[in-house]
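**Q** The following block contains the structure, expressed as structure tokens.
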Amino acid sequence: MLYDVLIDPFVQMFALPDFFLQVLWEGFVSGVLYALIALGFVLIYKSSRIFNFAQGIMVVFSALTLVGLHSMGVPAIAAVPLTLLVMYLLAMSIERVVLRPLVNQPDIILFMATIGITLFLIGFGQLVFGGDNKVMITEQLGIPTGAFELEPFGGFVLIEQKDLTAVTLAILLVVGLLVFLNKTKMGRAIRALGDDHQAALSVGISLSTIWVLVWFIAGVIALVTGVVWGARAGVSFALEVIAYKALPVLMLGGLESVSGAIVGGIAIGILEKIFEIYWGQPFLGGNTETWFPFIFALLVLLFRPQGLFGERIIERI
Amino acid sequence: MNAFVADKALSSANPSADEDREVLLNVENVSLSFGGVKAITDISFDILKGEIRAIIGPNGAGKTSMLNVINGFYHPQEGTITWQGKVRNKIKPHEAVSQGIARTFQNVALFKGMSTLDNIMAGRSTRMKANIFFQMIWYGAAMREEIEHRKRVEDIIDFLEIQAIRRTPVGKLPYGLQKRVELARALAMEPELLLLDEPMAGMNLEEKEDMSRFIVDVNQEFGTTIALIEHDMGVVMDLSDRVVVLDYGKKIADGRPEEVQANQNVIDAYLGVAH
Amino acid sequence: MIFRTAGQFKTSYEADQALFPIKQDFYLVLGVLLLAYVVFPLTASEFAFKALLVPVLIYSLAALGLNILTGYCGQLSLGTAAFMGVGAYATYKFMSIFPEMNIFVAIFLSGFFSAAVGVAFGLPSLRIKGFYLAIATLAAQFFLVWLFEKWAWLYNYNASGAIEVSTSSVFGITVTGPTALPIVQYYCVLIVVTLVTWFAINLTRGRYGRMWKATRDMDIAAELVGIKLITAKLTAFAVSSYIVGIAGGLLVFFWKGAAEPNLFDIPLSFQILFIAIIGGLGSILGNYLGAILIVALPVVLNLLPNALGIPIDSATLEHLNVMIVGALIIAFLILEPHGLARFYAIIREKLILWPFPY
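Chains as they are written, first to last, in UniProt numbering: chain A, 1 to 317; chain B, 1 to 275; chain C, 1 to 358.
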């Protein structure tokens with residue numbers, strides 16, 4: 001029994017290295033997407049101290065809008081900028097209606113407000129686009145759908161082109177974001193706001209402009225995530241659950257760390273897959289992916305309360 | 001090392017009146033650092049039973065860190081602390097409270113959502129013992145205990161003249177009153193040693209006078225030993241029996257107020273020195 | 001005038017610390033109890049019991065449990081539903097292992113199971129704070145629901161994977177199962193809720209309440225005035241999970257009659273959290289007001305179009321309901337972040353002074 005649990009899985013990993021590579025790749029791809037969603041959280045938290053629970057529903061909402069617009073006869077080329085416009089309007093109305101009246105409220109109130117936004121968007125999305133599953137317009141957007149077969153170790157590994165596209169898009173997005181945050185005036189303003197609201201206000205940074213901008217960027221990230229995840233799994237409100245996966249990533253990587261979100265996301269994606277395949281399915285009846293990331297992050301946090309990338313906290317009074 | 005020698009020299013210079021008093025707390029060669037930053041370096045001093053002991057020094061001298069060490073919030077890397085004749089090991093802050101060390105804070109640290117009464121009652125938490133099942137039905141031991149402690153708390157409320165704000169949530173009180181409630185909460189712990197961290201910061205003259213009166217009263221009526229940090233030199237010189245001066249985490253002087261006032265090191269630390 | 005407190009002098013601390021220091025409060029509570037124990041049972045229809053009264057009571061009990069943890073002790077939890085599940089499954093196991101057991105005993109005992117699980121998942125709160133802890137409570141949520149699904153022993157290896165309530169009776173009256181009368185079940189739930197509420201009021205105004213509130217307001221200062229954070233946090237987790245567990249047992253045995261694991265999934269957790277927030281964190285009364293609002297809203301929304309003669313199909317109506325609840329939460333947070341209970345407190349203060357402005 002002990003052998004089965006502790007040693008046998010590793011033996012299998014070595015015995016079938018091509019299968020193990022396949023598992024790693026699949027885990028990596030979902031990890032990249034978790035990282036993307038986590039990035040949306042981090043961006044908003046950094047600039048406004050809001051734990052934005054609505055990030056998950058924004059993924060669904062943007063994907064639904066894209067697909068919905070296309071089904072209304074808008075060509076794919078035009079649907080993308082239109083969806084971006086919708087996300088911008090969403091960011092603006094959230095800032096105007098929700099955030100502005102709630103400035104300076106305690107964190108938990110703002111957090112609750114984002115849950116309110118989540119519910120509102122779920123209801124609104126279902127009302128406009130219907131609650132049924134939809135197919136992402138993968139081909140119309142020019143995303144290749146074929147697959148490569150690699151043949152390492154005499155076995156073979158299947159790599160789907162849309163996964164490859166997802167990873168490439170994600171990398172481009174992250175690089176762009178890092179350049180934006182570190183090299184531009186707006187980026188500096190966002191980081192300043194994250195450090196100290198009042199200080200940032202007093203040197204002439206406009207709170208509302210930045211908030212709209214940040215929520216819009218989070219919307220763009222959501223759209224990219226929605227497109228690539230939708231291409232893998234279809235577009236439905238069930239997509240929202242993948243947003244929960246970003247939460248242990250945040251625990252692991254820290255709420256404020258961009259690099260933490262990326263590393264944490266990939267780590268969680270790969271580890272949950274490995275655990276599911278080699279331990280979850282054989283011993284625990286499967287479907288362990290729902291809780292494994294949380295328990296894992298919890299255990300890590302017990303030993304490092306500041307997360308993987310946080311600094312040691314010195315409490316003062 | 002220097003500081004230690006200076007301490008020896010000063011304490012031998014003290015008049016004999018102080019020497020037959022019992023030493024309540026003795027700090028010996030304590031050093032504390034965070035990472036590479038040294039907050040306190042090799043500090044030694046003692047607090048005698050029943051005295052008012054002031055700790056002064058410029059900003060960042062390590063005064064608050066010193067109090068944090070005394071009540072077990074920080075643990076020094078080196079040195080020993082002797083409390084009532086026994087060398088103390090690493091303790092938790094709540095253990096310090098049950099040993100009889102209470103304190104107030106530089107930035108008011110009250111429980112903002114609770115009423116004045118509840119804040120002060122919270123100071124008696126360590127003394128309340130009734131179990132959760134009696135608490136649930138508010139009967140027997142739980143109720144007797146609640147009333148008994150309420151009486152003590154009301155005495156303190158009378159003493160500090162805050163009857164009128166008994167039921168007000170402390171978050172709504174002006175700053176001066178908040179400081180007073182904080183003192184009340186510390187007194188509710190019935191401490192042997194009361195640590196006051198800048199009890200008069202941000203107060204106007206009248207409030208300072210009130211606060212000074214309370215501090216002297218506490219010291220004389222209850223016999224509570226007091227260690228206080230304060231920037232108002234007038235207050236320090238008037239109230240305290242002995243003063244210890246810190247600068248950059250080191251002790252630079254120790255003695256009676258008038259001795260300290262005349263000390264060249266102290267003058268240099270406060271006014272700066274020509275290099 | 002109605003609420004005039006003049007002339008009510010206290011001559012002992014005992015009187016000052018009584019449950020109702022002001023007479024009018026006592027009459028008010030008496031009135032509400034009268035309404036709940038006499039008027040509603042006489043007038044309510046079966047539909048009203050099943051769709052309004054019983055759900056309101058059970059949800060407010062769960063929200064009360066959550067409120068002790070989040071509102072009083074400041075530890076945000078997103079896993080309430082899972083702890084309700086622990087209570088429900090524990091009650092189910094008790095009743096299937098000892099079929100003769102009194103259902104109330106089973107429910108109150110099950111509370112200890114959910115309390116134990118709550119303490120286990122509360123242990124990280126000693127090292128993890130704020131949102132990190134909130135996410136950590138999601139670990140309990142997802143793990144426990146997964147466990148309810150996979151651990152067949154919990155549901156007696158039923159093919160359906162669901163638990164079903166069998167008929168049981170107390171003093172010869174059938175209280176659970178398909179044949180139990182709604183009015184009987186209503187009384188059962190009402191008695192439990194009244195009792196637990198009274199316990200909760202006593203706990204929150206005494207030593208434990210002060211410890212919890214101190215931890216919530218400033219944990220470092222609490223530690224420095226001698227409060228053991230470990231005791232404060234873990235008792236809050238234990239008491240909260242105990243109450244939540246009882247609510248879970250009531251939910252399945254006195255209302256739903258059967259449950260699948262996904263009943264205890266995250267939407268229920270959020271629903272309870274909404275009730276606590278809309279009602280008011282750090283208040284007992286708020287839980288009832290919040291529950292009334294959240295339970296009544298969909299019922300009213302369902303009746304409204306018919307009453308107005310506008311035909312709306314039920315799917316649209318449900319979407320509208322979700323949307324309105326979302327909007328309502330935001331509106332409430334903006335208008336009164338402290339919830340409905342604060343509204344009541346303000347009205348009461350005004351009434352005490354009325355008709356004189358000072």
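C-beta: ideal position from N, C-alpha, C; glycine also. The structure displayed is predicted, hence computed values, not measured ones.
List the residues of chain B that C/K23 touches, going by C-beta distances under 7 angstroms, in chain order.
**A** Simply none; closest approach about 18 angstroms.
**Q** So with Cβ pairs under 9 angstroms, would you call B/I162 a contact of chain C?
**A** No, B/I162 lies away from the interface with chain C (no Cβ there is under 9 angstroms from its Cβ).
**Q** Between the beta-carbon of C/V225 and the beta-carbon of B/A122, is there less than 9 angstroms?
**A** Yes, they are a contact pair.
**Q** Do we get a CB-CB distance below 9 angstroms when we pair C/R207 with the residues of chain B?
**A** Taking Cβ atoms only, chain B reaches closer than 9 angstroms to C/R207, which makes this a yes.
**Q** Give the secondary structure of A/W291 by DSSP, where H, G and I count as helix, E and B as strand, and everything else as coil.
**A** In this structure, A/W291 counts as coil in the three-state DSSP scheme.
**Q** Identify, in the order they occur along the chain, each residue of the same chain with its Cβ nearer than 7 angstroms to the Cβ of C/A18, setting aside the five sequence neighbours on each side.
**A** Correct list: empty, nothing qualifies.
**Q** So is residue 318 of chain A buried or exposed if we call it buried at 16+ other beta carbons inside 10 Å?
**A** In the structure as shown, chain A begins at 1 and stops at 317. Residue 318 of chain A is therefore absent and cannot be evaluated.
**Q** In chain C, which residues lie less than 7 angstroms from A/W291 when you measure between Cβ atoms?
**A** Those are A139, F142, F143 and W146, listed as they occur along chain C.
**Q** Going by C-alpha to C-alpha distance, which of B/I43, B/V69 and B/G171 sits closest to B/K250?
**A** Closest by alpha carbon: B/I43.
**Q** Using 8 angstroms for Cβ pairs, my map puts C/L203 next to B/Q135. What's the rounded Cβ distance?
**A** Rounded, the Cβ-Cβ distance is 6 angstroms, consistent with contact.
**Q** Terminal residues of the continuous alpha helix (DSSP H) containing A/E240?
**A** Element bounds for A/E240: E240 to G253.
**Q** Are the CB atoms of B/E28 and B/I81 nearer to each other than 9 angstroms?
**A** Yes. Within cutoff.
**Q** So, are the CB atoms of A/I44 and A/I50 less than 9 angstroms apart?
**A** Contact flag set, yes.
**Q** Any Cβ of chain B within less than 9 angstroms of the Cβ of C/S240?
**A** False, the Cβ-Cβ gap to chain B never drops below 9 angstroms.
**Q** Any contact of the region 72-92 of chain A with the region 252-266 of chain A, i.e. 3+ C-beta pairs under 8 angstroms?
**A** No, the region 72-92 of chain A does not touch the region 252-266 of chain A.
**Q** Do the region 326-336 of chain C and the region 94-105 of chain A meet, that is, are 3 or more Cβ pairs less than 8 angstroms apart?
**A** Taking 8 angstroms as the limit for Cβ pairs, the verdict is that the region 94-105 of chain A does touch the region 326-336 of chain C.
**Q** Can you find the residues in the same chain that come closer than 6 angstroms, C-beta to C-beta, to B/I120, ignoring five residues on each side of it along the sequence?
**A** The answer, listed in chain order, is V153, A184, R185 and A188.
**Q** Quick one: measure Cβ to Cβ for A/K134 and A/R232, integer angstroms, because I've assumed they're closer than 8 angstroms.
**A** Not confirmed; about 14 angstroms, so no contact.
**Q** Please tell me whether A/L33 and A/A166 are closer than 9 angstroms, where the distance is taken between their beta carbons.
**A** Against a cut-off of 9 angstroms, the Cβ pair of A/A166 and A/L33 comes out as a contact.
**Q** Report the neighbours of A/T118 on chain C: residues whose CB is nearer than 8 angstroms to its CB, in chain order.
**A** Simply G326.
**Q** Roughly how many angstroms lie between the CA atoms of C/A134 and C/S77, to the nearest whole one?
**A** Taking the straight line from one Cα to the other gives about 5 angstroms.
**Q** Would you please verify whether the beta carbon of B/A141 is less than 9 angstroms from any beta carbon of chain C?
**A** No - not a single Cβ of chain C is within 9 angstroms of the one on B/A141.
**Q** Give the DSSP bridge partners of B/S31, in chain order.
**A** The partner list for B/S31 (beta bridge, DSSP) reads B/E78.
**Q** Can you list the residues of chain B that C/Y13 reaches, using a CB-CB cut of under 7 angstroms?
**A** Within chain B, the residues near C/Y13 are I147, R150 and K151.
**Q** Using a Cβ-Cβ distance cut-off of 9 angstroms, determine whether C/I227 contacts chain B.
**A** Output row for C/I227: interface = yes.
**Q** Taking one C-beta from the region 234-250 of chain A and one from the region 119-133 of chain A each time, how about it: are there three or more such pairs within less than 8 angstroms?
**A** A contact exists between the region 234-250 of chain A and the region 119-133 of chain A.
**Q** I want to see whether chain C comes within less than 9 angstroms of A/V98, judged by CB atoms only; does it?
**A** So, interface residue.
**Q** Specify the secondary structure class of A/P75 as computed by DSSP and reduced to three states.
**A** Three-state DSSP puts A/P75 in coil, outside helix and strand.
**Q** Between the beta-carbon of B/G100 and the beta-carbon of B/E190, is there less than 9 angstroms?
**A** Yes. Within cutoff.
**Q** Taking 8 angstroms as the cut-off, does the CB of A/I137 come closer than this to any heavy atom belonging to the ligand SAM?
**A** In the structure shown, the ligand SAM is absent, as is every other ligand, since no ligand is present at all.
**Q** Figure out for me which residue from C/M95, C/N321 and C/I103 has the closest Cα to the Cα of A/G123.
**A** Ranking C/M95, C/N321 and C/I103 by Cα distance to A/G123 puts C/N321 first.
**Q** Assuming residue 377 of chain C contacts C/G85 (C-beta within less than 8 angstroms), just tell me the rounded distance between them.
**A** The first residue shown for chain C is 1 and the last is 358, placing residue 377 of chain C beyond what the model contains.
**Q** Are the C-beta of C/D16 and some C-beta of chain B separated by less than 9 angstroms?
**A** True, the Cβ-Cβ gap to chain B drops below 9 angstroms.
**Q** Going by DSSP, what residue range makes up the alpha helix (DSSP H) through B/L183?
**A** That run of the alpha helix (DSSP H) goes Y175 to A188.
**Q** In whole angstroms, what separates the C-alpha of C/H319 from that of A/F180?
**A** Using only the alpha carbons, I get a separation of about 38 angstroms.
**Q** Determine, for C/K93, whether the minimum Cβ-Cβ distance to residues of chain B falls below 9 angstroms.
**A** False, the Cβ-Cβ gap to chain B never drops below 9 angstroms.
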